[in-house]
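Undergrad: Handing you a structure now.
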Amino acid sequence: MYSQQDSSFRSTKGRLPFYPGTPKPLGSNYSRVLVLPKLKSEHVGWISKELPGLKTVIYEVEEPSAEYTVPKNKGHEAMVYLTYLIDHYDSLPDTSIFVHAHRTAWHNNYLLDLDMATTIQRLRDDRVARQGYMNLRCHLDPGIYLDRAPVDFDDFHKPEEKYFSFELFQEMFPGHRPPPYVSQACCAQFAVSRERIRDNPLAMYIHLRNWLLSTTLEDENSGRIFEYMWQYLFTRNAVFNPAMNSCYCDGYGVCFGNAQKLEEWLQKKQIRDRTDEELDGAHKEKNEEAIKEISQKVWTLNKELNTALAEAYKRGDEEENRALERERIPKYP
46 MYSQQDSSFR STKGRLPFYP GTPKPLGSNY SRVLVLPKLK SEHVGWISKE
96 LPGLKTVIYE VEEPSAEYTV PKNKGHEAMV YLTYLIDHYD SLPDTSIFVH
146 AHRTAWHNNY LLDLDMATTI QRLRDDRVAR QGYMNLRCHL DPGIYLDRAP
196 VDFDDFHKPE EKYFSFELFQ EMFPGHRPPP YVSQACCAQF AVSRERIRDN
246 PLAMYIHLRN WLLSTTLEDE NSGRIFEYMW QYLFTRNAVF NPAMNSCYCD
296 GYGVCFGNAQ KLEEWLQKKQ IRDRTDEELD GAHKEKNEEA IKEISQKVWT
346 LNKELNTALA EAYKRGDEEE NRALERERIP KYP
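Under our numbering, the sequence shown is numbered contiguously, ending at residue 378.
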């Protein structure tokens, strides 16, 4: 059984556990492994096509005889992630990237075309090394905010809420003080440095997997509980919500200059989306005059959005620009 007193971790000498790491010199290469679960019905050919040369560890959770599999298909991606951490604890790359099998999804980053291949291609390992843990999603909405004792449970959207308690947290992290709430962006896709993984002893990952194997919670609920816990496991912060512009700029090299300019771009996108809806309405009504007028508005908005986004990508090529939007990090004591 893991306990808080089990403090055997393997980190760089001179750095306290869960403190910021030191990235390699600019331009250095980082070793990577992509970790993901796969059902029989899921297709992952996009990885070899779009990310050739990237080492992958694909857990075929319904194939007990597969090269990479799990003790039990339970807890959704959590079982796969924990199994990887246990099996590879002594042979980790610089950066371990944990994702789902699908390439595109609503919860991927909009400024990266909702495309996980683009997300991985543009992911900056130096940010992962510095931060230790990076949620791959930059947008905080929709986020995860789970009260221990909410007045009203949302049984439809968050049926797992009712199971989160002091007792559950202490089962998962014995000896740790339960936080009043936990919060981070959704949706259980993230990157972690070798150092940060080893800031936790191997015994902790074994304990958490044993908890997942033995819990009486339904599969969906136990997996969702972990979705609220990854940031705590890898940062010891119950609340982990990096600024969106810092995530995009320092994490992916998409730099608008500051948070306000990114927000202005997103607001303009919302205007464009509403204008698209107006155009659809004009087409349904067969209002040719309105179609012409609204189409021009859409064209102008798209041009402005695309120009600003291209400039943000170009700005993000320069380290000095990425550094300007990077969060300040604590100094060593």
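Think of the CB as a built atom: it goes at the ideal place given N, C-alpha and C, for glycine as much as any other residue.
Alpha carbons only, please: which of CYS232, LEU159, ASN180, THR345 is nearest the one belonging to PRO187?
TA: Translated into the one-based positions of the sequence shown, residue 187 becomes position 142. Residue CYS232 is the option with its Cα nearest to PRO187.
Undergrad: Mind checking VAL372: buried by the 16 CB within 10 Å criterion, or exposed?
TA: Residue 372 sits at position 327 when you count from the first residue of the sequence shown. A quick correction: the sequence has Glu, not Val, at residue 372. Label assigned to GLU372: exposed.
Undergrad: In chain order, what residues of the same chain lie with their CB nearer than 7 Å to the CB of LYS85, ignoring the 5 residues before and after it?
TA: Along the sequence shown, read from residue 1 onward, the residue named residue 85 stands at position 40. The answer, listed in chain order, is GLU107.
Undergrad: Just tell me which of PHE201, PHE285, ARG175 has its CA closest to the CA of LYS69.
TA: The residue given as residue 69 occupies position 24 in the sequence shown. When each option's Cα is compared against that of LYS69, the closest is ARG175.
Undergrad: Give me the residue from PRO223, TYR277, GLU365 with the minimum Cα distance to LEU71.
TA: Along the sequence shown, one-based indexing puts residue 71 at 26. Measuring from the Cα of LEU71, the nearest candidate turns out to be GLU365.
Undergrad: Could you tell me whether the Cβ atoms of ILE384 and VAL80 are closer together than 8 Å?
TA: The structure shown does not extend to residue 384, since the chain is modelled only from 46 to 378, so the question has no answer here.
Undergrad: Just the C-alpha distance for SER259 and GLU363, rounded to the nearest angstrom, thanks.
TA: The residue you call residue 259 lines up with position 214 of the sequence shown. The residue you call residue 363 lines up with position 318 of the sequence shown. Taking the straight line from one Cα to the other gives about 49 Å.
Undergrad: From the DSSP output, which residues share a beta bridge with MET289?
TA: Start at 1 with the first residue of the sequence shown, and residue 289 comes out as number 244. In DSSP, MET289 forms no bridge with anything.
Undergrad: Going straight from the alpha carbon of TYR277 to that of PRO287, what length do you get?
TA: Position 232 of the sequence shown holds residue 277. Position 242 of the sequence shown holds residue 287. Cα-Cα distance, rounded: 14 Å.
Undergrad: Starting from LYS83, trace the beta strand (DSSP E) both ways and give me its first and last residue.
TA: Here residue 83 refers to the residue found at position 38 when the sequence shown is read from its first residue. Looking at the DSSP string, the run of the beta strand (DSSP E) that includes LYS83 is 77 to 83.
Undergrad: Assuming ALA19 is part of the alpha helix (DSSP H), what are its boundary residues?
TA: Outside the displayed range of the chain (46 to 378) lies residue 19, so it cannot be described from this structure.
Undergrad: What residues match up with ASP160 in a beta bridge as DSSP calls it?
TA: Residue 160 sits at position 115 when you count from the first residue of the sequence shown. DSSP output for ASP160 lists THR149 as bridge partner(s).
Undergrad: Tell me the residue span of the alpha helix (DSSP H) that contains ASN351.
TA: Counted from its first residue, the sequence shown places residue 351 at position 306. ASN351 -> alpha helix (DSSP H) spans 333 to 360.
Undergrad: Can you list, in chain order, the residues of its chain with a C-beta nearer than 6 Å to that of ALA353? Leave out the 5 residues immediately preceding and following it.
TA: Walking along the sequence shown from the start, residue 353 turns up at place 308. Closer than 6 Å at Cβ, skipping near neighbours: TRP310.
Undergrad: With a threshold of 8 Å on Cβ separation, who are the neighbours of TYR208 within its own chain once the five nearest residues in sequence on each side are excluded?
TA: Position 163 of the sequence shown holds residue 208. The answer, listed in chain order, is LEU262, ASN266, ILE270.
Undergrad: As a quick exercise: from ASN332, SER291, VAL144, VAL102, pick the residue whose alpha carbon is nearest that of GLN234.
TA: On the sequence shown, position 189 is the one that residue 234 refers to. Answer by Cα proximity: VAL144.
Undergrad: Would you mind stating whether CYS294 and ARG367 have Cβ atoms separated by less than 8 Å?
TA: Within the sequence shown, residue 294 is the residue found at index 249, counting from 1. Within the sequence shown, residue 367 is the residue found at index 322, counting from 1. Yes, Cβ-Cβ distance for CYS294 and ARG367 is below 8 Å.
Undergrad: Please name the residue, chosen from THR345, GLU356, GLY66, ARG77, that lies closest to ARG317 on a Cα-to-Cα basis.
TA: In the sequence shown, residue 317 corresponds to position 272, counting from 1. Selected option, being the one with the closest Cα: THR345.
Undergrad: Could you tell me the distance, in whole angstroms, from the CA atom of GLY361 to the CA atom of HIS184?
TA: Here residue 361 corresponds to residue number 316 of the sequence shown, with the count starting at 1. Here residue 184 corresponds to residue number 139 of the sequence shown, with the count starting at 1. If I take the Cα positions, the gap works out to 18 Å.
Undergrad: Pick from GLU338, ILE251, LEU99: whose alpha carbon is nearest that of LEU168?
TA: The count along the sequence shown starts at 1 and reaches residue 168 at position 123. For LEU168, the nearest C-alpha among the options comes from LEU99.
Undergrad: Starting from ASN28 and walking both ways along the alpha helix (DSSP H), at which residues does that stretch end?
TA: In this structure the chain extends from 46 to 378, so residue 28 is not present and cannot be described.
Undergrad: Within the continuous beta strand (DSSP E) that includes ASN180, where are the two ends?
TA: Indexing the sequence shown from 1 puts residue 180 at position 135. Note, ASN180: beta strand (DSSP E), 178 to 180.
Undergrad: Rounded C-beta distance between TRP256 and GLU308? I'm assuming under 8 Å.
TA: As a first step, residue 256 is located in the sequence shown; it is residue number 211 there, counting from the start. As a first step, residue 308 is located in the sequence shown; it is residue number 263 there, counting from the start. Going by Cβ atoms, the distance from TRP256 to GLU308 rounds to 40 Å, so no, they are not a contact pair.
Undergrad: Are the CB atoms of VAL237 and PHE279 within a distance shorter than 8 Å?
TA: Locating residue 279 in the sequence shown gives position 234, counting from the first residue. Locating residue 237 in the sequence shown gives position 192, counting from the first residue. Yes.
Undergrad: How would you call LYS58, buried or exposed, if buried means at least 16 neighbouring beta carbons within 10 angstroms?
TA: Stepping through the sequence shown from its first residue, residue 58 is reached at position 13. Interpretation of LYS58 is limited by its pLDDT of 49, a score under 50 that renders its predicted location unreliable; the figure taken from the coordinates is listed afterwards. Counting Cβ neighbours within 10 Å, LYS58 comes out exposed, since fewer than 16 surround it.
Undergrad: With burial defined as no fewer than 16 other Cβ atoms inside 10 Å of the residue's Cβ, what is the status of PHE229: buried or exposed?
TA: Indexing the sequence shown from 1 puts residue 229 at position 184. For clarity, residue 229 is Gln in the given sequence; the question names Phe instead. The residue in question, GLN229, is buried, as its Cβ has 16 or more Cβ neighbours within 10 Å.
Undergrad: CB-CB under 8 Å to MET274, same chain, minus the five flanking residues each way: which ones, in chain order?
TA: Working through the sequence shown from its first residue, we reach residue 274 at position 229. Correct list, in chain order: MET217, VAL227.
Undergrad: Which complete alpha helix (DSSP H) runs does the stretch 231 to 260 hold, if anything under 4 residues is left out?
TA: Listed in chain order, they are 239 to 243, 247 to 259.
Undergrad: For a quick check, are the C-beta atoms of ARG239 and ASP139 less than 8 Å apart?
TA: Taking the sequence shown and counting its residues from 1, one reaches residue 239 at position 194. Taking the sequence shown and counting its residues from 1, one reaches residue 139 at position 94. Against a cut-off of 8 Å, the Cβ pair of ASP139 and ARG239 comes out as a contact.
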